[in-house]
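**Q** The opening position of the sequence shown corresponds to residue 1278 in our numbering, with each subsequent residue numbered one higher.
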Amino acid sequence: MQIKSATVWIGGAAGDGVASTGDILAKTCSRSGLHYFAQSSYQSVIRGGHVVYQFQTSSEPVYTHGDNFDLMIALNQESVDYHVKSVQKAAGRGFIFNSDKVKVDPAVLPAGTLAYGLPVGDLTAEFGRNPVMQNTLASGASVFLLQLPWDVFEKAVRDQFGKKKAEIADLNVKVARKGFEYAESKFQPIKDIVLKGDGQARMLMGANQAIALGAVAGGCTFYSAYPMTPASAIMHWLAPRSAKYGVVMKQCEDEIASINMAIGAGFSGTRAMTGTSGGGFALMTEAMGLSGITEIPVVAVLVQRGGPSTGLPTKTEQGDLFQALGAGQGEYPKAILTPISVEDAFHSTVQSLNIAEKYQMPVMLLSDLLLSEHLETLETSSLTNKVSIDRGEVQAGPLGAEYKRYADTPSGISPRVYPGVEGGQHVAASDEHDEDGCLVSDIFTNPSTRVKMVKKRFRKMDGLAKEVASQSIVKEGPAQADLTLVGWGSTYNTLKNIRLALEKEGVKVNHLQFRIVWPFPSEMALKELKAAKNVVLVENNYSGLFAKLLRQETGIAIPHHIRKFDGEPFYFAPLLEKVKGLLKPGGPEVQYLVTDELDIPIKRVAVTA
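1) Pick out the complete beta strand (DSSP E) segments inside the stretch 1647-1720, 3 residues or longer, and give them in chain order.
2) Going by other Cβ atoms of all chains shown within 10 Å of its Cβ, with 16 needed for buried, is Asp1708 buried or exposed?
3) Give the straight-line distance between the Cα atoms of Val1784 and Asp1759, rounded to the nearest whole angstrom.
4) Contact defined as beta carbons within less than 8 Å: I believe Leu1589 pairs with Gly1844. What is the distance between those atoms, to the nearest angstrom?
5) Provide the residue span of the alpha helix (DSSP H) that contains Ser1297, from first to last.
6) Leaving aside the five residues before and after Asn1723 along the sequence, list all residues of the same chain whose C-beta is less than 6 Å from its C-beta, in chain order.
7) Would you be able to state if there are at least three C-beta pairs under 8 Å between the stretch 1494-1514 and the stretch 1670-1687?
8) Expressed to the nearest angstrom, what Euclidean distance is found between the alpha-carbon atoms of Ala1673 and Pro1574?
9) Would you report the Cα separation of Arg1776 and Val1794, rounded to the nearest angstrom?
10) When you compare the stretch 1738-1758 with the stretch 1786-1805, are there three or more beta-carbon pairs, one atom per stretch, that lie closer than 8 Å?
11) Tell me Met1244's beta-bridge partners as DSSP assigns them.
12) In or out: Phe1735 buried (at least 16 other Cβ within 10 Å) or exposed?
13) Comparing alpha-carbon positions, which option in Gly1474, Glu1650, Phe1797, Gly1697 lies nearest Gln1748?
14) Confirm, please, whether the CB-CB distance from Gly1289 to Leu1352 is below 8 Å.
15) Whose C-beta lies closer than 6 Å to the C-beta of Val1339 among residues of the same chain, with five residues either side of it excluded?
16) Please report whether the beta-carbon of Lys1681 lies at a distance below 8 Å from any beta-carbon of chain C.
17) Taking Asn1818 and Arg1840 to be in contact with their CB atoms under 8 Å, please state how far apart those CB atoms are, rounded to whole angstroms.
18) Just to confirm my understanding: we take Gln1738, look at its own chain, exclude 5 residues before and 5 after, and list those with CB closer than 7 Å. What are they?
19) Among Lys1635, Thr1615, Ala1705, which one has its Cα closest to the Cα of Leu1647?
20) By the 10 Å Cβ neighbour count, where 16 or more other Cβ atoms means buried, how is Pro1639 classified, buried or exposed?
21) Run through DSSP, which three-state label would Asp1399 get?
22) If you follow the beta strand (DSSP E) that His1342 is in, where does it begin and where does it stop?
23) Which residue wins for smallest C-alpha separation from Lys1463, given the options Gly1832, Ser1419, Thr1553?
24) Can you tell me the Cα-Cα spacing of Asp1399 and Phe1374, whole angstroms?
25) Alpha carbon to alpha carbon, how far is Thr1390 from Leu1423?
26) Which runs of the alpha helix (DSSP H) at least 4 residues long sit entirely within the stretch 1447-1509? Give them in chain order.
27) Output needed for Lys1635: all residues of its chain with C-beta closer than 6 Å, excluding positions within five of it in sequence on either side, in chain order.
28) Per DSSP, which residues does Gln1528 bridge with? Please list them.
29) Using 10 angstroms around the beta-carbon of Pro1846, count the other beta-carbons present and answer buried if the total reaches 16, otherwise exposed.
30) For Ala1443, count neighbouring C-beta atoms within 10 Å of its own C-beta (all shown protein chains included) and say buried if the count is 16 or more, exposed if not.
31) Please classify Gly1555: does DSSP put it in a helix, a strand, or coil?
32) Spell out a yes or no on whether the stretch 1620-1630 and the stretch 1644-1662 are touching, meaning 3 or more CB-CB pairs, one atom from each, closer than 8 Å.
33) Which residue from Ala1489, Ala1494, Asn1449 puts its Cα closest to that of Ala1516?
34) Do the stretch 1476-1495 and the stretch 1528-1541 touch if we need at least three Cβ pairs shorter than 8 Å?
35) DSSP three-state label for Thr1334, please.
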């Protein structure tokens, strides 16, 4: 039987070139007309620490990074020792490694799997001693074993180093060819894996890049941030391109400065964004309230990682939902979008910018490390710069003495002006104020004014809720099903994969994925969940944060929960097994998953007095 997909892991220490090896193979697959999905499990050190880059590539669309690997390029001994149990138990699978330094005992490998040892020293003797050559050799060997097109791979190697490093590119091509030819002379291709592309080159992208592109396409001209994993790649993409696209990209001294600069830019009439992770967003929350009460538009990207505090800086989690819901003291209108895919991250960014300006409020865009940092192939038609830009109600001058910046309108949206408009002078203070902007909390208080202004601001939520209601939940699968899968944000691809797998087994499954969680789409959620026969909610946190929000807003308690909070994303096979288990009566309400295949032994340091 032919298999149309392959799962490959690349293991080593930070600084060994794991990511660059993955990038070359990613380009080879995507440019060969294959589909591709990759994610990296890495530590928060610059050098050292174990890294595992995992990808799945296929002739058909893929939605996850795969499970057990067909091939692992092991750049150090630990990669073999830690992951020998994760090799796919089938003929031809195994480890590609530098046999000069790494030892693989065939006796410990599952039956049929192989040790693809490369004598790196002998094969590279003519090129001099460079430890990174083992990566290039191994890549060449993997191209042979998986029967990937050599010409596409060679172009990917050259592109990795660029024209300025032509000599280095030439050298790496020669080394890779040595690895390919050695494998050709000593090994057999993995016969049952057939990776045949359709000839259509595809884009490779993660959500951070998609958010940056969405910002540019959506008219954002100011982005401020302080570097914080896993949101930093938004800055990294914008920084070298900001002048070309007319975006001011400001690296700030901290997150407090970042959010306040973005709000200041929004006050000036500039479309502005900022971005951070959970710890940085905690510092931004007071200013989010400032945006709310002054009705100045701003978009804040919150890329979640494992918490609390510093937590797991380089691991994924969906743990900041309630931090976003409760950001800042007091109550104020806000919107929270949780994009479900890389493509959706692009469109959600544009939508966030439109909502922020149209409704004059802060908008939070919740991603997480998995969604933001993984790579996947996209069709070129999935992104476009022909997007709708809605800047809301803006008054042009000259204005008369009757202008009220915070006028109590039926919609709650007051006429906005850009600074410098004649007659548009007003006070925009963080204290409560009346329609003119005059404070009601210093010399005098006025309960009636306070009530009027709070109600005015919250009327904006009524209009927003109606506008986004039909866009808040993505439903896939039949209208009536025996099982309904529910998720939010980044679990979309995994749950889609589960649905498709169960459908092949004859189970009627549908899938609800929430992409806007505030204002909460209560009416649509109630309609869908009341009609569901059996519901399973899947999320990446310990206590079921979305389950709580769903119960709070609808009164519905989901009967079955599968959760994960170990820092790693869901893997397809174990999640499928858990879902199938929940279809049987009498199972526990909550089940937790752990990716123990990636457990790294803790080396304790003795402390002496």
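Glycine included, each C-beta is placed from N, C-alpha and C at the ideal position.
**A** Let me spell this out:
1) Fully enclosed beta strand (DSSP E) runs of 3 or longer: 1652-1655.
2) Exposed, because fewer than 16 other Cβ atoms sit within 10 Å of the Cβ of Asp1708.
3) Going from the Cα of Val1784 to the Cα of Asp1759 covers about 7 Å.
4) Yes, they are in contact, since the Cβ atoms of Leu1589 and Gly1844 sit about 5 Å apart, within 8 Å.
5) According to the DSSP assignment, Ser1297 belongs to the alpha helix (DSSP H) that extends over 1295-1308.
6) If we look at Asn1723 and ignore the five residues flanking it on each side, its Cβ neighbours are Val1717.
7) The stretch 1670-1687, when compared against the stretch 1494-1514, does not touch it at the 8 Å Cβ threshold.
8) The alpha-carbon of Ala1673 is positioned some 18 Å away from that of Pro1574.
9) When rounded, the distance between both Cα atoms is 22 Å.
10) Yes: the two stretches touch, three or more of their Cβ pairs being nearer than 8 Å.
11) There is simply no residue 1244 to check, as the chain begins at 1278 and stops at 1886 in what is shown.
12) So Phe1735 counts as exposed.
13) Out of Gly1474, Glu1650, Phe1797, Gly1697, Phe1797 has the C-alpha closest to the C-alpha of Gln1748.
14) Here Leu1352 is near Gly1289, since their CB atoms are less than 8 Å apart.
15) Same-chain partners within the cutoff: His1312, Phe1314, Gln1333.
16) Protein chain content of the structure displayed is limited to a single chain, and chain C is not contained in it.
17) Confirmed, about 6 Å.
18) For the sequence presented, residue 1738 should be read as Met rather than Gln. Within the same chain, Met1738 has close Cβ partners Pro1610, Pro1796.
19) Minimum Cα-Cα distance from Leu1647 among the listed residues Lys1635, Thr1615, Ala1705 corresponds to Thr1615.
20) Note on Pro1639: 16 or more other CB atoms within 10 angstroms of its CB, so buried under the neighbour-count rule.
21) Note: Asp1399 maps to helix in three-state DSSP.
22) Here His1342 belongs to no beta strand (DSSP E), and DSSP marks it neither H nor E.
23) Selection Gly1832, Ser1419, Thr1553 evaluated against Lys1463 yields Ser1419 as nearest (Cα-Cα).
24) About 14 Å.
25) Roughly 15 Å separates the two Cα atoms.
26) 1484-1494, all fully within the stretch 1447-1509.
27) So the qualifying residues of the chain are Asp1667, Gly1669.
28) Under DSSP, Gln1528 forms a beta bridge with Ala1502.
29) So Pro1846 counts as buried.
30) Exposed is the call here.
31) Three-state result, Gly1555: helix.
32) Because the criterion of three Cβ pairs below 8 Å is met, the stretch 1620-1630 and the stretch 1644-1662 touch.
33) Scanning Ala1489, Ala1494, Asn1449 for the CA closest to the CA of Ala1516 turns up Ala1489.
34) Touching, no.
35) Three-state result, Thr1334: strand.
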